[in-house]
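**Q** Protein chains in written order, with the working numbering: chain Z, 263 to 681; chain B, 263 to 681.
Protein chains: 2
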Amino acid sequence: MGLIVQKFGGTSVADTAKIKNVAQAVIKEKLNGNNVIVVVSAMGHTTDNLLKLSKEITSNPSTREMDMLLSTGEQISMSLLAMAINEAGHSAVSLTGYQVGIKTENCHMCARIVDIETARVKKLLNEGKIVIVAGFQGVCEGNEITTLGRGGSDTTAVALACAFGADRCDIYSDVEGVYTADPRVIKTAKKLDKISYEEMLELARVGANVLHPRSVETAKPYKMPMRVRSSFKLDDLGTLIIGVEEMELNKPVTGFACDNSQIRIVICDVVDEPGNAAKLFNLLASKDLSVDMIIQSYARHSNNTNDIAFTIAKSDLDKFNSLKDDINNIVKASNILVDEDIAKVSIVGAGMIDRPGIAAKMFDTLATSNINIKMISTSEIKISCLVEKQYGELAAKVLCRAFDLDGAAIADVKGDLPD
Amino acid sequence: MGLIVQKFGGTSVADTAKIKNVAQAVIKEKLNGNNVIVVVSAMGHTTDNLLKLSKEITSNPSTREMDMLLSTGEQISMSLLAMAINEAGHSAVSLTGYQVGIKTENCHMCARIVDIETARVKKLLNEGKIVIVAGFQGVCEGNEITTLGRGGSDTTAVALACAFGADRCDIYSDVEGVYTADPRVIKTAKKLDKISYEEMLELARVGANVLHPRSVETAKPYKMPMRVRSSFKLDDLGTLIIGVEEMELNKPVTGFACDNSQIRIVICDVVDEPGNAAKLFNLLASKDLSVDMIIQSYARHSNNTNDIAFTIAKSDLDKFNSLKDDINNIVKASNILVDEDIAKVSIVGAGMIDRPGIAAKMFDTLATSNINIKMISTSEIKISCLVEKQYGELAAKVLCRAFDLDGAAIADVKGDLPD
Numbered sequence: 263m264g265l266i267v268q269k270f271g272g273t274s275v276a277d278t279a280k281i282k283n284v285a286q287a288v289i290k291e292k293l294n295g296n297n298v299i300v301v302v303s304a305m306g307h308t309t310d311n312l313l314k315l316s317k318e319i320t321s322n323p324s325t326r327e328m329d330m331l332l333s334t335g336e337q338i339s340m341s342l343l344a345m346a347i348n349e350a351g352h353s354a355v356s357l358t359g360y361q362v363g364i365k366t367e368n369c370h371m372c373a374r375i376v377d378i379e380t381a382r383v384k385k386l387l388n389e390g391k392i393v394i395v396a397g398f399q400g401v402c403e404g405n406e407i408t409t410l411g412r413g414g415s416d417t418t419a420v421a422l423a424c425a426f427g428a429d430r431c432d433i434y435s436d437v438e439g440v441y442t443a444d445p446r447v448i449k450t451a452k453k454l455d456k457i458s459y460e461e462m463l464e465l466a467r468v469g470a471n472v473l474h475p476r477s478v479e480t481a482k483p484y485k486m487p488m489r490v491r492s493s494f495k496l497d498d499l500g501t502l503i504i505g506v507e508e509m510e511l512n513k514p515v516t517g518f519a520c521d522n523s524q525i526r527i528v529i530c531d532v533v534d535e536p537g538n539a540a541k542l543f544n545l546l547a548s549k550d551l552s553v554d555m556i557i558q559s560y561a562r563h564s565n566n567t568n569d570i571a572f573t574i575a576k577s578d579l580d581k582f583n584s585l586k587d588d589i590n591n592i593v594k595a596s597n598i599l600v601d602e603d604i605a606k607v608s609i610v611g612a613g614m615i616d617r618p619g620i621a622a623k624m625f626d627t628l629a630t631s632n633i634n635i636k637m638i639s640t641s642e643i644k645i646s647c648l649v650e651k652q653y654g655e656l657a658a659k660v661l662c663r664a665f666d667l668d669g670a671a672i673a674d675v676k677g678d679l680p681d
Numbered sequence: 263m264g265l266i267v268q269k270f271g272g273t274s275v276a277d278t279a280k281i282k283n284v285a286q287a288v289i290k291e292k293l294n295g296n297n298v299i300v301v302v303s304a305m306g307h308t309t310d311n312l313l314k315l316s317k318e319i320t321s322n323p324s325t326r327e328m329d330m331l332l333s334t335g336e337q338i339s340m341s342l343l344a345m346a347i348n349e350a351g352h353s354a355v356s357l358t359g360y361q362v363g364i365k366t367e368n369c370h371m372c373a374r375i376v377d378i379e380t381a382r383v384k385k386l387l388n389e390g391k392i393v394i395v396a397g398f399q400g401v402c403e404g405n406e407i408t409t410l411g412r413g414g415s416d417t418t419a420v421a422l423a424c425a426f427g428a429d430r431c432d433i434y435s436d437v438e439g440v441y442t443a444d445p446r447v448i449k450t451a452k453k454l455d456k457i458s459y460e461e462m463l464e465l466a467r468v469g470a471n472v473l474h475p476r477s478v479e480t481a482k483p484y485k486m487p488m489r490v491r492s493s494f495k496l497d498d499l500g501t502l503i504i505g506v507e508e509m510e511l512n513k514p515v516t517g518f519a520c521d522n523s524q525i526r527i528v529i530c531d532v533v534d535e536p537g538n539a540a541k542l543f544n545l546l547a548s549k550d551l552s553v554d555m556i557i558q559s560y561a562r563h564s565n566n567t568n569d570i571a572f573t574i575a576k577s578d579l580d581k582f583n584s585l586k587d588d589i590n591n592i593v594k595a596s597n598i599l600v601d602e603d604i605a606k607v608s609i610v611g612a613g614m615i616d617r618p619g620i621a622a623k624m625f626d627t628l629a630t631s632n633i634n635i636k637m638i639s640t641s642e643i644k645i646s647c648l649v650e651k652q653y654g655e656l657a658a659k660v661l662c663r664a665f666d667l668d669g670a671a672i673a674d675v676k677g678d679l680p681d
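(1) Runs of 3 residues minimum, wholly inside the segment 310–379 of chain B: which ones carry the beta strand (DSSP E) assignment?
(2) So, using beta-carbon positions, are residue 443 of chain B and residue 667 of chain B closer together than 9 Å?
(3) Determine, for residue 334 of chain Z, whether the minimum Cβ-Cβ distance to residues of chain B falls below 9 Å.
(4) For residue 630 of chain Z, report the span of its alpha helix (DSSP H) as first-last.
(5) Compile a chain-ordered list of the residues in the segment 402–432 of chain Z whose CB is closer than 7 Å to at least one CB of chain B.
(6) How would you call residue 615 of chain B, buried or exposed, if buried means at least 16 neighbouring beta carbons within 10 angstroms?
(7) Is it buried or exposed, residue 682 of chain Z, if we count other Cβ atoms within 10 angstroms and call 16 or more buried?
(8) List the residues of chain B whose Cβ lies closer than 7 Å to the Cβ of residue 331 of chain Z, in chain order.
(9) Note down the Cα distance separating residue 430 of chain B from residue 483 of chain B, rounded to an integer number of angstroms.
(10) For residue 349 of chain B and chain Z, any beta-carbon pair shorter than 9 Å?
(11) Hey, out of B:291, B:375, B:276 and B:627, whose CA is closest to residue 662 of chain B's CA?
(12) Who are the neighbours of residue 345 of chain B on chain Z, taking C-beta pairs under 7 Å?
(13) Between residue 281 of chain Z and chain B, is any beta-carbon pair separated by less than 9 Å?
(14) From the DSSP output, which residues share a beta bridge with residue 518 of chain Z?
(15) Which residue wins for smallest C-alpha separation from residue 310 of chain Z, given the options Z:331, Z:639 and Z:401?
(16) Can you list, in chain order, the residues of its chain with a C-beta nearer than 7 Å to that of residue 534 of chain B? Leave out the 5 residues immediately preceding and following it.
(17) Please report whether the beta-carbon of residue 358 of chain B lies at a distance below 9 Å from any beta-carbon of chain Z.
(18) Within 10 Å of its beta-carbon, does residue 515 of chain Z have 16 or more other beta-carbons around it, so buried, or fewer, so exposed?
(19) Between residue 585 of chain Z and residue 609 of chain Z, what straight-line distance do the alpha-carbon atoms span, to the nearest angstrom?
(20) Determine, using beta carbons only, whether residue 387 of chain B comes closer than 9 Å to chain Z.
(21) Taking Cβ to Cβ, would you say residue 269 of chain Z is nearer than 9 Å to residue 302 of chain Z?
(22) Given a threshold of 16 other Cβ atoms within 10 Å of its Cβ, counted over all protein chains shown, does residue 271 of chain Z qualify as buried or as exposed?
(23) Could you give the first and the last residue of the continuous beta strand (DSSP E) run that contains residue 646 of chain B?
(24) Can you give the Cα-Cα distance for residue 487 of chain Z and residue 402 of chain Z, rounded to whole angstroms?
(25) State buried or exposed for residue 636 of chain Z, treating a residue as buried only when at least 16 other CB atoms are found within 10 Å of its CB.
(26) How close, in whole Å, do the beta carbons of residue 334 of chain Z and residue 370 of chain Z come, if the pair is a contact with beta carbons under 8 Å?
(27) So, is the C-beta of residue 286 of chain B closer than 9 Å to a C-beta in chain Z?
(28) For residue 399 of chain B, count neighbouring Cβ atoms within 10 angstroms of its own Cβ and tell me buried if that reaches 16, exposed if not.
(29) Between residue 439 of chain B and residue 517 of chain B, is the Cβ-Cβ spacing less than 9 Å?
(30) Report the neighbours of residue 361 of chain Z on chain B: residues whose CB is nearer than 7 Å to its CB, in chain order.
(31) Assuming residue 297 of chain Z is part of the beta strand (DSSP E), what are its boundary residues?
(32) If you count every other CB in all the chains shown that lies within 10 Å of the CB of residue 432 of chain B, and 16 or more means buried, which is it?
(33) Quick check on the burial criterion: 16 or more other C-beta atoms within 10 angstroms. Buried or exposed for residue 648 of chain Z?
(34) What did DSSP end up calling residue 585 of chain Z once you bin it into helix, strand or coil?
(35) Are the C-beta atoms of residue 355 of chain B and some chain Z residue less than 9 Å apart?
(36) Residue 670 of chain B: buried (16+ other C-beta within 10 angstroms of its C-beta) or exposed?
In structure tokens form, the structure reads like this:
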């Protein structure tokens, strides 16, 4: 008898009609002859509503109490799902993170799972029960309730799949799979049947909002096969995520992504002394400010200074602004520029390893459309370029065409060509 | 240093503004130099909303999953209250029933508390923390979440007060105390400064919706002083509930209550055989149908039968109707009458013990107003009469006047005199 872990996101359990639909998806897998562990997120807007309540009380809540508050969301959806499965004639039991024994670090709102107890869930599965587990939550020392932070429910599902040696972990949401590009922008983007963990990680990091990279990182060392699929089209198998070694690499580029959520910062005329850059990024790191692309110009200015540019999330701008004085004290910059009108376009593909010329083709393609590249960053299987935001959509279309990601001649490239 | 347990009901924590108000009530007690344990109910309509969701899924939910669902309500309100207290500069920690160690029977939706662990709460109090505990919930074998059923949060508060040897248990709600009669009906009803557990129990049972009898029953053997007071008038001390031995009994009758939530059932012409009544009430008990007043007429009918009349809660009528065939099989009645137009009026007072004539005065008073008495039941400190519903209000007014419960000459007795 196989074991499948299924995870249903907030939109899949947004109301009781959708919860009944999820019950059918679970029962279908059970009737296939598999044991089933189900992980659920909170219903639709529950988490937002709870956050709103907390904000009405304080702008600076204790993270412990936030975990107490937010962990109720999954407890509501999982008990309702258990009722729906029971009502449909099958037997389900819901368990909180604590009741399963999902042990985490002693840390609130962003805890990592350190261990999962298996006894209770195994016993229930052996009794023929469908086990429903609250996503996003665990328990740390002293029976304190913790939550896992962003991507937490996906991570719970994958971690359970690994701990119980499941055959597969299915992540259900309102998207039908992983696409070569965002289908809302590139109408002819193709759904991928398969993608490797590595490629999925790069795509997730550069802004394809399908799956949180944390869950993929958890699956990768265990080679746990994952499926991204739609809870509204149960017969569609979605996209399988597996190890790169199990894939045939036909094409160098698998996917495209565009990220509009970043802003560029330029620290001008930093005095060129050893350690200045280290001091700067240590300061940012100490305030939990994640930096993505970084460029330090090698061309030293005549006054023995140079510029340092980097990108941060737009949502971190307030945090960054509060650090400006400290930054000036450290690096004695002449100016700090903030550029919000940027888009990061990326191509990803495990097949680009050892295939030179992919980067050159990307830069060429952009240049042919007169799109200026402001920054570049690369990994083994990814190339990202920062461009002006107004050209993000055009860049998407010309790059998808150039790297055969759109599956059809594109008729709808609009004439937003730059002057 | 003293220890006070405070309990705040659903209306007291109905929104975030009210939660901030509760935080002030808690801090006020802390600034009085006391340690404080706070018990909270779910916010306003949270429980109703959760029940609505479950009803959309099934009419017959598993009680285990209902407990999983409903116990989230208190977890939300307690974490928000902890944030509000922290925001006001004091230090609070919220704990679920499980985290405290409120052990209950292995039973869902109506579990009784069997033990309370004190170590964790004591440690937090010794650190100067205000401890907030989820009302209404506990944990049984296998770390299963249980709820305590009706009156559960009041009971949690009193049980904690007893377990920790508190100086007092304050029950805050939207009423200002215990009144001699319902102030919405008897405008001049007086708030009592003190009342005994025994009297409070009788008043609670006969329909004064101030306090659930279960909490009073829990307090009584421990002689735990309770206060019923308003969360919106913090300077008002409300009503103190203490042992009858600590009270001076000046008046034979302390309070009046009118209960409109019952209906009368008459089983006509039951064959007068030994055990017939026992069979009837065993059947009702086996279906969890609580019976209140019971009268079996001693006057045997000419055909060797007599009538059995009793009252049940109006909300149990459907359940009762489903039993009619079984009842007919058992007692072979000629007819079963249901009378929904009744009101139960009661007077309560520990002072009526050994004071004959109180019952006679009550019957006289009703007769003088031409109010017919349909059934009577009594305890040591209570006399209840069933009357036609249309005379309930008039009965309230004449009885309060007769037993000096209104504190003033009543000008507003309306002329609803019966023909």
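Even for Gly, the Cβ is constructed at its ideal location relative to N, Cα and C.
**A** Reading it off the structure:
(1) 354–357, 364–366 and 375–378
(2) yes
(3) yes
(4) 620–630
(5) 405
(6) exposed
(7) No information on residue 682 of chain Z is available, as it lies outside the stretch 263 to 681 that chain Z covers here.
(8) 338, 341 and 342
(9) 14 Å
(10) yes
(11) B:627
(12) 316, 319, 320, 323, 324 and 327
(13) yes
(14) Z:609
(15) Z:331
(16) 562, 566, 567 and 568
(17) yes
(18) buried
(19) 33 Å
(20) no
(21) yes
(22) buried
(23) 644–650
(24) 28 Å
(25) buried
(26) No, residue 334 of chain Z and residue 370 of chain Z are not in contact; Cβ-Cβ is about 15 Å, not under 8 Å.
(27) no
(28) buried
(29) no
(30) 405
(31) 297–302
(32) buried
(33) buried
(34) coil
(35) yes
(36) Confidence at residue 670 of chain B is low in this model, with a pLDDT of 42, below 50, so the placement of that residue should be treated as unreliable; the coordinate-derived value is given next. Exposed, because fewer than 16 other Cβ atoms sit within 10 Å of the Cβ of residue 670 of chain B.
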